[in-house]
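In the numbering used here, the protein residues as written are 56 to 242.
Here a beta-carbon is modelled for each residue, glycine too, at the ideal position from N, C-alpha and C.
Since the structure comes first, as structure tokens, the remarks are kept for the end.
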Amino acid sequence: GWVGLQDQTRPEAKEALAELREAGVRRIAMVSGDRQPVATRVAAEIGCEEAKGECLPQNKVEFVRAVKAKGYKVAVIGDGVNDAPALAAGDIGIAMGAAGSEVAIHSATIALMNNDLRRLPFLVKLSRSTRAVINQNFLFGVLFIKLIDNSLNLLDLSYFTIMMVKGAIILFAALMDSLRVKLATLR
């Protein structure tokens, strides 16, 4: 008789990839150490257009470097020892923490504490929201220095009063930005 074993795809993988595409991720590739037919089957099951199988760790790094050379920003997601070099080679490495190996977690830029792939679209949205807030803060800071600082200096206020008003405005702006990022994560 025969005994057949087969890895099962994660049930949330297809949903996570669809959400990543909705979030604007342009290219999703699966690079695996599994045989090519297995990698192709799994990629088809999860809705991934590009699958490369039979990759050793150095092949994964070469793939990441080739994609980066084409001008893409590359995020590598992995959980094993064989993923560690590619995690380090990407622009950002994301280790899936709960199932991840110690070396993968240390090679990554970000270590997620669970292995739920649905956290990846959330991470993309959160990082974009945070970047937008940083850019807005920079613009606000320049405007604050130019407009408010000059306006306060025109008033006949003591230096101490001017510094207190500036501090209160900065604190209020920081609180509002924190609230804005928090609300963005709830969507």
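Item, Value
"Report buried or exposed for Asp138, applying the criterion of at least 16 other Cβ atoms within 10 angstroms of its Cβ.", "buried"
"Please go through the same chain and pick out, in chain order, the residues whose beta-carbon is closer than 8 angstroms to the beta-carbon of Asp146, but skip the five residues on each side of it.", "Lys123, Lys128, Val129 and Ala130"
"If contact is defined by three or more beta carbon pairs under 8 angstroms, each pair taking one atom from either stretch, is the region 67-78 in contact with the region 167-177?", "yes"
"Mapping the DSSP letters down to three states, classify Gly133 as helix, strand or coil.", "strand"
"According to DSSP, is Ile83 helix, strand or coil?", "coil"
"Where does Gly222 fall in DSSP's three states?", "helix"
"Decide yes or no for the touch test of the region 155-167 against the region 105-125: beta carbon pairs closer than 8 angstroms, at least 3 of them.", "no"
"Whose C-alpha, out of Asp232, Val80 and Tyr214, is nearest the C-alpha of Lys180?", "Val80"
"Specify, as a first and last residue, the run of the alpha helix (DSSP H) that Glu70 falls within.", "Ala68 to Glu77"
"Among the residues of its own chain, which have a CB less than 7 angstroms from the CB of Arg235, if the five just before and after it don't count?", "Val188"
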